[in-house]
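Visitor: Residue numbers (the numbering used here), protein chains in the order written: chain A, 1 to 166; chain B, 1001 to 1166.
Structure provided below as structure tokens; questions to follow.
2 protein chains.
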Amino acid sequence: MLQKRIDDQPTISRQMVREAQDILHRHLKGVGLKQTAQRDTILRTFLETRDHLSTDELLRLVQKKDARIGYTTVYRTLKLLAECGLASEVAFHDGIARYEHQYNRRSHHHMVCTECGSSVEFFSQEVGQLEQEIGRRYHYLTTRHTFQIYGICEDCRKKSNALRPL
Amino acid sequence: MLQKRIDDQPTISRQMVREAQDILHRHLKGVGLKQTAQRDTILRTFLETRDHLSTDELLRLVQKKDARIGYTTVYRTLKLLAECGLASEVAFHDGIARYEHQYNRRSHHHMVCTECGSSVEFFSQEVGQLEQEIGRRYHYLTTRHTFQIYGICEDCRKKSNALRPL
DNA sequence: CGGTGTCTTGAAAATGAATTTCAATTTCAA
DNA sequence: TTGAAATTGAAATTCATTTTCAAGACACCG
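Next comes the structure, spelled out in structure tokens:
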């Protein structure tokens, strides 16, 4: 079975949660916003989860801790987390925005199965180098890139072979 | 000034239009659909245009030739063109689906300016090789990939420097 | 400790692109 | 030519995202 995510840390440590919370609090102060229980709960839930979460999915997890937190707050907090570098948006091109943690993670990319929607992560320094190189060549100040591979995973291939032999 | 698109052909030839139309007609027949004047007009307009077109943009161009053609038909025809390989969707992550011709074009990628939305194309065979390699490693049957670089183009950098010197 | 001006919250409404519906029209195989 | 089947396009719908707004929470100040 393939790993869905390759973490540098097998699980999130208390230490990392504290550091991440610190980053968020500093960012909030910096832009004149307030620290709230909701924002902390959402950040903690986000950090504890290993997958690529849509706003809806994160909402469901957050509501297990505090059922009164609403969609809008999760939506807005994810934007805040992205602003201060704790989260980043990953677009799998299925019409739903997803976020993943960014804090203390190596640069990586995704390969997505177009049948079942599952994804694996892979590492490739070449892609980052290419960003630099192309940016230099065309005089762009590059900020980021997206790279996804789409295909059909082993499991889905087995399933469709079982349905339609030969 | 940078070229927005690097074409293998400077302009679309009569020959290519005929061939593309042939591909569409064969596809239509193949899936039991009908040839119509609208579909031909939309295909021709699409081929004559060099940019990355949203449905709305293509609609506007199409309506110069036949004002009675509606948004829905353009939308549906673009899907047909994508089905038979004449067009492909490019996602620039601004929430709007765009299409570009695929017929007789070399594989390429896009670098997009996040200030003004303009884009340049670049070629890199490494990216295609990477798709193959990663697919093999994780046992995916890969079908395609997306690779975009985001940044700020020279023009926009000059403009913002002019506004805020030093 | 309060008081007070902001910021936050979350339900509901709005937005906007993508998609579907449906009645009138057109295509095309026989 | 004919009629079954597909097409068309305006309008309606969908659905994720984003905004609005009134009530509540935070935090700076004295």
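Cβ atoms here follow ideal geometry from the backbone N, Cα and C, with glycine treated the same way.
Using alpha carbons as the reference points, say which of A:D94, A:A87, A:Q35, A:S118 lies closest to R106 (chain A).
Guide: Residue mapping note: residue 106 (chain A) aligns to position 106 of the first sequence, counting from 1. Nearest C-alpha to R106 (chain A): A:A87.
Visitor: If you reduce the DSSP assignment to three classes, tell me which class S1160 (chain B) lands in.
Guide: As a working note, residue 1160 (chain B) is residue 160 in the second sequence. Note: S1160 (chain B) maps to helix in three-state DSSP.
Visitor: So, is I69 (chain A) buried or exposed, given that buried needs 16 or more other C-beta atoms within 10 angstroms?
Guide: For the purposes of this step, residue 69 (chain A) is taken as the residue at position 69 of the first sequence. So I69 (chain A) counts as buried.
Visitor: Closer than 7 Å, Cβ to any Cβ of chain B: which residues of the stretch 140 to 162 of chain A, in chain order?
Guide: Result list: Y140, L141, T142, T143, R144, H145, T146, F147, Q148, I149, Y150, G151, I152, C153, E154, R157.
Visitor: Determine the contact status of K65 (chain A) and R39 (chain A), defining contact as a CB-CB distance below 9 Å.
Guide: Numbered from its first residue, the first sequence carries residue 65 (chain A) at position 65. Numbered from its first residue, the first sequence carries residue 39 (chain A) at position 39. Cβ atoms of K65 (chain A) and R39 (chain A): not closer than 9 Å.
Visitor: Specify, as a first and last residue, the run of the alpha helix (DSSP H) that G128 (chain A) falls within.
Guide: Counting from one through the first sequence, the residue named residue 128 (chain A) turns up at place 128. First-last of the alpha helix (DSSP H) with G128 (chain A): 125 to 138.
Visitor: For L1086 (chain B), which three-state DSSP category applies?
Guide: As a position in the second sequence, residue 1086 (chain B) is number 86, starting the count at 1. It is coil, neither helix nor strand.
Visitor: Helix, strand or coil for I1069 (chain B)? Go by DSSP, reduced to three states.
Guide: Here the question's residue 1069 (chain B) lines up with position 69 in the second sequence. Reduced to three states, the DSSP call for I1069 (chain B) is coil.
Visitor: I need the boundaries of the alpha helix (DSSP H) containing F46 (chain A), first residue and last residue.
Guide: Position 46 of the first sequence holds residue 46 (chain A). Counting along the chain, the alpha helix (DSSP H) containing F46 (chain A) begins and ends at 37 to 48.
Visitor: Taking only runs that begin and end inside the stretch 1086 to 1113 of chain B, name each unbroken beta strand (DSSP E) of 3 or more residues, in chain order.
Guide: Fully enclosed beta strand (DSSP E) runs of 3 or longer: 1087 to 1091, 1097 to 1101, 1109 to 1113.
Visitor: Checking contacts by CB at 9 Å: is T55 (chain A) closer than that to chain B?
Guide: Against the first sequence, residue 55 (chain A) aligns to sequence position 55. No, because no Cβ of chain B sits closer than 9 Å to the Cβ of T55 (chain A).
Visitor: Could you list the residues in the stretch 1123 to 1142 of chain B with a C-beta less than 8 Å from some C-beta on chain A, going in chain order?
Guide: The stretch 1123 to 1142 of chain B vs chain A, Cβ under 8 Å: S1124, E1126, V1127, L1130, E1131, I1134, G1135, R1137, Y1138, H1139, Y1140, L1141, T1142.
Visitor: I'd like the list of long-range same chain contacts for E89 (chain A), defined as Cβ closer than 8 Å, with 5 residues on each side in sequence excluded.
Guide: Here the question's residue 89 (chain A) lines up with position 89 in the first sequence. Only A82, A97, R98, Y99 meet the Cβ criterion.
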